[in-house]
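Enquirer:
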Amino acid sequence: MKVVPIDLGERSYPVYIGRDIADLGRVAREFDLGEKVLVISSRPIASLYGREVRDALGSCGFQVSLARVPDGEKYKTLSWAAKLYEECAEDKLDRNSTILALGGGVIGDLAGFVASTYLRGINFIYLPTTLLAQVDASIGGKVGVDLPQGKNLVGSFYQPRFVYTDLKVLRTLPQAQIKEGLAEIIKYGVIEDKDLFLYLEQNLEKIKTLSLDSLEYIITRCVQIKAAVVQEDEREKRGKRQVLNFGHTIGHAIESGTGYGRYSHGEAVAVGMIAAARIAKKMGFLPEDSLVRMENLVRRADLPSRVEGVNGGKLWDALYLDKKIKGGKLYFVLPRRIGEVFLTDKVPLTLVREAIRELGVEK
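Under the UniProt record's numbering, the first residue of the sequence shown carries the number 1, and numbering increases by one thereafter.
(1) Check each candidate in L127, Y188, L132 and G112 and name the one with the smallest Cα separation from N152.
(2) Can a CB atom of chain B be found closer than 8 angstroms to the CB of L319?
(3) Please name the residue in A89, V106, G144 and G140 whose C-alpha comes closest to that of L119.
(4) Can you tell me which of the three DSSP states E35 falls into?
(5) Taking 8 angstroms as the cut-off, decide whether the C-beta atoms of G266 and L303 are in contact.
(6) Output the distance between the C-alpha atoms of L147 and Q177, rounded to the nearest integer angstrom.
(7) Looking only at DSSP bridge pairs, what is V64 linked to?
(8) Please give the ranges of any alpha helix (DSSP H) in the UniProt domain "3-dehydroquinate synthase C-terminal" (181-324), keeping only runs that are unbroken, at least 4 residues long and fully inside the region.
(9) Tell me where the beta strand (DSSP E) around T98 begins and ends.
(10) Please look up how many angstroms separate the CB atoms of L78 and L131, rounded, as I've assumed it's under 8 angstroms.
(11) Along the alpha helix (DSSP H) that carries L78, what are the first and last residues, could you check?
(12) At what residues does the alpha helix (DSSP H) containing T350 begin and finish?
(13) Using three-state DSSP, classify I338 as helix, strand or coil.
(14) In the structure shown, what three-state DSSP assignment does E73 receive?
(15) For V361, which three-state DSSP category applies?
(16) What residues are listed by DSSP as bridge partners for P5?
(17) According to DSSP, is I125 part of a helix, a strand, or is it coil?
(18) Using a threshold of 8 angstroms, state whether the C-beta atoms of L84 and S41 are closer than that.
(19) How would you write the range of the alpha helix (DSSP H) that V27 sits in, first residue to last?
(20) In the DSSP assignment, what residue or residues form a beta bridge with residue 365?
(21) Using the Cα positions of G261 and E30, report the straight-line distance between them to the nearest angstrom.
(22) Spatial neighbours of K76 within its chain, please: CB distance less than 7 angstroms, with the 5 preceding and 5 following residues excluded, ordered by chain position.
(23) Kindly indicate the opening and closing residues of the beta strand (DSSP E) around L147.
(24) Is it buried or exposed for P160, if we count other Cβ within 10 angstroms and need 16 for buried?
(25) Cβ of V292 within 8 angstroms of Cβ of E362?
(26) Please return the same chain residues whose Cβ sits closer than 7 angstroms to the Cβ of V154, not counting the five positions on each side in sequence.
(27) T130 by DSSP, collapsed to three states: which one?
(28) Can you say whether M294 is buried or exposed, counting buried as having 16 or more other CB atoms within 10 angstroms of its CB?
(29) Taking just the CA atoms, how far does A183 sit from E255?
The following block contains the structure:
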């Protein structure tokens, strides 16, 4: 089992990367978590892994209950948080009790938010079940819920006691969700680690067939990269954490401009990364061969590098509603080379429009 430490002073915690849920109870016993654990999961994931998690914890003396939430972002709401508060009260959870998030990013956000606010904060642990959550959402402490006016408008930073990543759960993921994670993994290679990018180029087919050794390497490396960024800028105060938004400026606009339905998050980020890379090349920062390598890897990962049926006006409006706008300026994370990026608000709008047109966006 690999262990990656997240060093945040009193809020430090480890990320365990293993291959057997049965080890969860033994790991949990190394922490002062109290006896009661409420597992919060989506209904599909609970049906797959709920019993295994209960058995793993129960065999080590924990009293375990399970709360099921319908599957999907639309249930990441204050009303569902309130239902989970009632579940906590019915189970008589106290300040030594624990909430365990079993699922992807939506469940992690919702369960973490409930843990951060029930009794002013109780223990929280996270078992991420998607590749995207294992390399991204489970690291950094962002928790929250959506409002009708927008995503993640209510929330906080609340670090878990530990994260337990089980590689074998990925074998039940639909291929579409594997691609979601691959987009973020490619992002990590571009922003920080040329060797990881090269490994992806050389081993992509093994990764797509879910080789456990390959998955262990790339997930461990991605967690290490995000850990280093979070340790330097836990609450997004100094700008360092913004490098994680590579591909997200235009990517989020594609999601928002199409009503969060036509393109998944990973697909939109993949297109956004290509757009940012093309802008960087047009501005003279990124060499042609680096752009070609990025485009080729995105396509080989079965991710899009263009979009269809996206209205340019709606996309442009969405860009200027993005949380990365500061003082009326549009910020981009641009690559200088594979493994190095920088943050800038000096991108000419003509180049942004040109890059958007090259993506296949309609006028």
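Think of the CB as a built atom: it goes at the ideal place given N, C-alpha and C, for glycine as much as any other residue.
Expert: The short version:
(1) G112
(2) No chain B is present in this structure, which holds just one protein chain.
(3) A89
(4) coil
(5) yes
(6) 25 angstroms
(7) V37
(8) 194-208, 212-232, 248-257, 265-282, 288-300 and 312-319
(9) T98 to G103
(10) Contact flag wrong, Cβ pair sits at about 28 angstroms.
(11) L78 to E90
(12) Per DSSP, T350 belongs to the alpha helix (DSSP H) from L349 to E358.
(13) coil
(14) For E73, the secondary structure class from DSSP, reduced to helix, strand or coil, is helix.
(15) Looking at V361 - three-state DSSP - the assignment turns out to be coil, as it is neither helix nor strand.
(16) P14
(17) Looking at I125 - three-state DSSP - the assignment turns out to be strand.
(18) no
(19) Taken as a continuous stretch (DSSP letters only), the alpha helix (DSSP H) holding V27 covers L24 to A28.
(20) In this structure the chain extends from 1 to 363, so residue 365 is not present and cannot be described.
(21) 42 angstroms
(22) So the list reads V106, D109, L110, V145 and D146, once near-sequence residues are dropped.
(23) K142 to L147
(24) buried
(25) no
(26) L78, G144, V145 and L147
(27) coil
(28) buried
(29) 15 angstroms
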